[in-house]
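Quick notes on the structure that follows.
Protein chains: 2
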Amino acid sequence: MRTVRVVQFGVGPIGAELVKYCLKKPGIELVGAVDIDPNKLGKDLGEVTVGKKIGVPITRYTGDFLAKAKPDIVLHSTGSYLKDVKTQLLMIMKSRADVVSTCEELSYPFLKNPTIAKELDNAARKNKVSLLGTGVNPGFLMDTLVLTSTGVCQDVKKVRSSRIQDASSRRLPFQKKIGAGLTRAEFQSKAAEGTIKHVGFQESIAMIAAGLGWKLDRIEENLDSILAEKTVASEYITIEAGQVAGVNQTASGIINGENVITLNLQAYLGCPDPRERIVIEGQPPIDLTIKGGVHGDIATAAVVVNCIPRVLNAEPGLMTMKDLPVPSGWFAEIHNFLR
Amino acid sequence: MRTVRVVQFGVGPIGAELVKYCLKKPGIELVGAVDIDPNKLGKDLGEVTVGKKIGVPITRYTGDFLAKAKPDIVLHSTGSYLKDVKTQLLMIMKSRADVVSTCEELSYPFLKNPTIAKELDNAARKNKVSLLGTGVNPGFLMDTLVLTSTGVCQDVKKVRSSRIQDASSRRLPFQKKIGAGLTRAEFQSKAAEGTIKHVGFQESIAMIAAGLGWKLDRIEENLDSILAEKTVASEYITIEAGQVAGVNQTASGIINGENVITLNLQAYLGCPDPRERIVIEGQPPIDLTIKGGVHGDIATAAVVVNCIPRVLNAEPGLMTMKDLPVPSGWFAEIHNFLR
Chain A
504 MRTVRVVQFG
514 VGPIGAELVK
524 YCLKKPGIEL
534 VGAVDIDPNK
544 LGKDLGEVTV
554 GKKIGVPITR
564 YTGDFLAKAK
574 PDIVLHSTGS
584 YLKDVKTQLL
594 MIMKSRADVV
604 STCEELSYPF
614 LKNPTIAKEL
624 DNAARKNKVS
634 LLGTGVNPGF
644 LMDTLVLTST
654 GVCQDVKKVR
664 SSRIQDASSR
674 RLPFQKKIGA
684 GLTRAEFQSK
694 AAEGTIKHVG
704 FQESIAMIAA
714 GLGWKLDRIE
724 ENLDSILAEK
734 TVASEYITIE
744 AGQVAGVNQT
754 ASGIINGENV
764 ITLNLQAYLG
774 CPDPRERIVI
784 EGQPPIDLTI
794 KGGVHGDIAT
804 AAVVVNCIPR
814 VLNAEPGLMT
824 MKDLPVPSGW
834 FAEIHNFLR
Chain B
504 MRTVRVVQFG
514 VGPIGAELVK
524 YCLKKPGIEL
534 VGAVDIDPNK
544 LGKDLGEVTV
554 GKKIGVPITR
564 YTGDFLAKAK
574 PDIVLHSTGS
584 YLKDVKTQLL
594 MIMKSRADVV
604 STCEELSYPF
614 LKNPTIAKEL
624 DNAARKNKVS
634 LLGTGVNPGF
644 LMDTLVLTST
654 GVCQDVKKVR
664 SSRIQDASSR
674 RLPFQKKIGA
684 GLTRAEFQSK
694 AAEGTIKHVG
704 FQESIAMIAA
714 GLGWKLDRIE
724 ENLDSILAEK
734 TVASEYITIE
744 AGQVAGVNQT
754 ASGIINGENV
764 ITLNLQAYLG
774 CPDPRERIVI
784 EGQPPIDLTI
794 KGGVHGDIAT
804 AAVVVNCIPR
814 VLNAEPGLMT
824 MKDLPVPSGW
834 FAEIHNFLR
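Going down the list, the protein sequences come from chains A and B. FYI, the numbering for the first sequence is 504 to 842, going by our numbering. FYI, the numbering for the second sequence is 504 to 842, going by our numbering.
So, in structure tokens, the structure goes:
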């Protein structure tokens, strides 16, 4: 049986985690990797990610790269915003490869980016490939799992999902992204620039609303800092009391002035009780907690790679997590999961 | 837009709950109902279920019933065992209607009933209809939700799911089914007859194993009573200390002598802390709890009716929950969810 040929597009921290997990999956063959980082170019993909050569060089993207690598599917992780990655996605689809991307805005692009969504969907259908944006969040915890939880409900009035994370165990770029170590003023200035916030709340809310069939009047977002109450430290940073320990971000989907969907993300160093929580006000009511939370980087790579057989099986077009079968892990040769 | 025509096949407690929920769903039209209970025959379906006439009589099944009613989909709830309902399912599919059934053994029939599964799948494909067995359990809490939870995992070593239910709020037939009020000896004699146990553990375990790609050596089941420690009462029954309050049932999927999948169901009167719990020993580990648990009858009707658009959209054949898109609730006109 031939292997499923995978190209890794973008070998940053998430891309590296994707490669690590792919190397464990029977039936998947990594056949190429592209990046723009001069420190990685020319090096072996395995050496950069798992410290062991696998005979796949990291190269700069060139026009005939994909035609030569002939991937069945490309794992794409170069950016959060569709305007930045659209051209890459179109290029990949033109090579007739399916795509799973960690681009947050791709997870449910129909609300905020309807024109790009249409363009990507058209390209996917024309090239007979499937395209999916996913990850742990957006993509799983605060949208797919929320929708799944409503499967047992005869009525849903309100939906709340919160993600309370201890950022201490996350990588340094993540800790920086949430503003850890800044003063409150620095945080606010960065927040105003838009560099601190989690991207994906609008997409998660839009996906939940579409799944339930709710027409929202609008979505509101709010971003604030969480200040350290005492000195807290991670492997990388030490934060004094009064400095920013992390972020507290809320987004609400509103109908008739009521917050019918509320997502709250708190990610900070020293969080004492990390957890995921989903509360459905409905019939029956649901109060779901994942104690300790779910580790973001490991889980994002898991969700992306676990979706590979589902995307390979899917009809052509731009997919979202709510359109695909239950996204479970798979732990046997990949052809067992292909149609 | 034409309505989606639904026939209710079996108007017992679950069938009645299905009808109640269907009557709230925009775009669904109940066009017929069959049962064998002389106390229901000839009565109006709405009168029997929601205390209000809807102009649909409950009739005995006759050869031309479905040809006249012309349902798009039939909700089937007459039994737990495939040998008892196979003929009904074949008959319904012959009329070119899709089917969602609460038959527990249909939820994942490939392990215990492979021959019937093949026969039903062939009939579904021949008649170009889709057939799904589902409910809250089997169908959702101890299989679909377990598989969904592994979606964030890069490795899964063991899976445990437990359902700790307070049976006090359930209907009388349920309380009787779990042995409430019996002496321990009566319980054991009924257990030996096979009339007490929850049907569906083998199906749930087989579905989890298939989703993960695990080949089990065998499945073991164990059934015991839970005795009341003090007097407990429900609306229907009072139980003295020492009498049976309910059931404690475990099933394990085993590989190389290890219980890799363990399902535990405790349903008893006076349970102080009802909950659903899913524990994944894996990377990352998952420890999920639904506080208070999920009300079984409401949830079974919810899962069945919530799956209607997914089954109408599905390719012909015998489906299982792991093959269908995320089973969320839907709360707008049904055509919004149809392809």
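Positions of the beta carbon are idealized from the N, C-alpha and C atoms, including for glycine.
Using a C-beta to C-beta distance shorter than 8 Å, which residues of chain B count as neighbours of Ile789 of chain A?
Ile793 and Val797
Which residue marks the beginning of the beta strand (DSSP E) containing Lys794 of chain B, and which one marks its end?
Ile789 to Lys794
Just list the residues that DSSP pairs Ile783 of chain A with in beta bridges.
A:Val662 and A:Ile789
Check the DSSP bridge columns for Asp601 of chain B and list the partner residues they point to.
B:Ile576
Identify every residue that forms a DSSP beta bridge with Val747 of chain A.
A:Leu730
Determine the burial state of Ile781 of chain B: buried for a count of at least 16 other Cβ atoms within 10 Å of its Cβ, exposed for fewer.
buried
Locate the beta strand (DSSP E) running through Asn816 of chain A, then write down its first and last residues.
No beta strand (DSSP E) contains Asn816 of chain A, which is instead part of the alpha helix (DSSP H) from Ile811 to Asn816.
Helix, strand or coil: which one does DSSP assign to Phe512 of chain B?
strand
Kindly say whether Tyr611 of chain A, judged by its beta-carbon, lies nearer than 7 Å to any beta-carbon of chain B.
no
For Glu732 of chain A, tell me which candidate among A:Glu724, A:Val747, A:Glu738 and A:Asp720 has the shortest Cα-Cα distance.
A:Val747
Look up Pro676 of chain B in the DSSP assignment and say whether it is helix, strand or coil.
helix
Would you say Pro828 of chain B lies against chain A (beta-carbon separation less than 7 Å)?
yes
Just tell me which of B:Asp587, B:Ile811 and B:Met822 has its CA closest to the CA of Thr506 of chain B.
B:Ile811
Quick check on Gly697 of chain A: buried or exposed, where buried means 16 or more other Cβ atoms within 10 Å of its Cβ?
exposed
Which first and last residues belong to the alpha helix (DSSP H) in which Ser707 of chain A is found?
Phe704 to Leu715
Is it right to say Met822 of chain A is buried, meaning 16 or more other beta carbons lie within 10 angstroms of its own, or is it exposed?
buried
Name the two residues that bound the continuous alpha helix (DSSP H) containing Leu623 of chain B.
Pro617 to Lys629
Between Phe491 of chain B and chain A, is the shortest Cβ-Cβ distance under 7 Å, so that the two count as touching?
Nothing can be reported for residue 491 of chain B, as the shown portion of chain B is limited to 504 through 842.
Beta carbon of Gly654 of chain A, beta carbon of Ser831 of chain B: below 7 Å?
yes
If you measure from the beta carbon of Cys656 of chain A to each beta carbon in chain E, is any gap under 7 Å?
In the structure shown, chain E does not exist; the protein chains are A and B.
Over what stretch of residues does the beta strand (DSSP E) that includes Leu634 of chain B continue unbroken?
Ser633 to Gly636
Quick one: is Leu675 of chain A buried, meaning 16 or more other Cβ sit within 10 Å of its Cβ, or exposed?
exposed
At which residues does the alpha helix (DSSP H) containing Gln691 of chain A begin and terminate?
Arg687 to Glu696
When DSSP labels each residue in this structure, what does Met596 of chain A get in the three-state scheme?
helix
Counting C-beta neighbours from all protein chains within 10 Å, is the total for Lys660 of chain B 16 or more, i.e. buried, or is it exposed?
exposed
Cβ neighbour criterion (16 or more within 10 Å) applied to Tyr584 of chain A:
exposed
Taking 7 Å as the CB-CB cut-off, is Val659 of chain A touching chain B?
yes
Under a three-way DSSP split, which group does Gly535 of chain A fall into?
strand
Can you give me the C-alpha to C-alpha distance between Gly709 of chain B and Phe834 of chain B, rounded to a whole angstrom?
With the sequence shown as reference, residue 709 of chain B is identified as Ala, and Gly is not the correct amino acid for it. One C-alpha to the other measures close to 32 Å.
Closest residue to Asn767 of chain A among A:Pro516, A:Ala626 and A:Ser665 (Cα-Cα distance)
A:Ser665
Would you verify that the beta carbon of Ile729 of chain B is, or is not, closer than 7 Å to some beta carbon of chain A?
no
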